[in-house]
Amino acid sequence: MNPQRLKLKNIRAFEEAELDFTGVAAATLTGVNGAGKSTIVESILRGLFSDGPTILPNRMVRMGADDGSIEMDFEHNLSSYRVIRKGGKKSDLQFLMRNGEGWHPLSGTTAAETQGKINELLAMDEDLFLNSSCVMQGGSAGICTARPAERKAVMYRIYERELARYQELHEKSKARWKSLDIAMSTKMAQVEMLRDRLESRV
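Okay, so the sequence shown: first residue is 36 according to the working numbering, each after it adds one.
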């Protein structure tokens, strides 16, 4: 997953802000205390994942504003997606995918179903994201401080799909090898039969 654009409206210190991450492989946020560095990082987190049952926690909505929103575009597996979260008096969660005609909705019938679709696409939930990809202020990546067994569990969750795919390919290869071995044995038996026939005619 590669973030492409982050748009904030009434999110903490930001009345309105838009950041373009297109082509950015790595970035460092610098600024004085209170400039909003942590808000940007947390907005990426909250752009992708709900805070439990809450689409967008009220603590992130700018003081004095009725509503706040986070709009995040990202690329994943060569496709473009957009998540729009609104919190405050009116909450809403939208999940979209770009196609040739614009943005196509992928949202479910409920916010929980929509969040499940986002998690399924990314093959991770908030806990795995925090343990593998994102370090919040005052914390550390769980994978760095975890015990060996815990790190192993995190790594397995990260590569679970790839491991399952490898296992599937391994099983298919074994079945193919067995099929070829049977076919080879059959052909060898046929060759022996033809050889015996030729020898009997000589």
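Ideal placement from N, C-alpha and C gives every residue a C-beta, glycine not left out.
Within the same chain, show all residues whose beta-carbon is closer than 6 Å to that of residue i, passing over the 5 residues directly before and after it, in chain order.
| i | result |
| --- | --- |
| GLY66 | LYS72 |
Check each candidate in the options and name the one with the smallest Cα separation from residue i.
| i | options | result |
| --- | --- | --- |
| LYS124 | ASN112, THR145, ASP101 and PHE130 | ASP101 |
| GLU77 | PHE164, LYS213 and VAL226 | PHE164 |
| ILE105 | GLY82, LYS152 and ARG117 | GLY82 |
| ALA48 | PHE130, GLU148, VAL59 and VAL96 | VAL96 |
| ASN112 | MET98, GLY69 and LEU156 | LEU156 |
Could you tell me how far apart the beta carbons of residue i and residue j are, in whole angstroms, since I believe they sit closer than 8 Å?
| i | j | result |
| --- | --- | --- |
| ILE90 | ASP55 | Their Cβ separation, rounded to whole angstroms, is 25 Å, which puts ILE90 and ASP55 out of contact at 8 Å. |
| GLU136 | GLN39 | In fact, because the Cβ distance is near 19 Å, the residues do not count as touching under 8 Å. |
I need the DSSP call for residue i, collapsed to helix, strand or coil.
| i | result |
| --- | --- |
| ILE105 | strand |
In chain order, what residues of the same chain lie with their CB nearer than 8 Å to the CB of residue i, ignoring the 5 residues before and after it?
| i | result |
| --- | --- |
| ASN93 | GLY122 and GLY123 |
| ARG133 | SER114, SER115, TYR116, ARG117 and HIS139 |
Kindly list the residues whose CB is nearer than 7 Å to the CB of residue i, restricted to its own chain and excluding five residues on each side of it in sequence; keep chain order.
| i | result |
| --- | --- |
| THR149 | LEU128, PHE130, SER142 and GLY143 |
> Along the chain, which unbroken stretches of the beta strand (DSSP E) at least 3 residues long are found entirely within the segment 110-175?
Replying inline: 114-123, 127-134 and 137-140
> Where are the alpha helix (DSSP H) runs, 4 residues long or more, that stay fully inside the segment 39-88, in chain order?
Replying inline: 72-83
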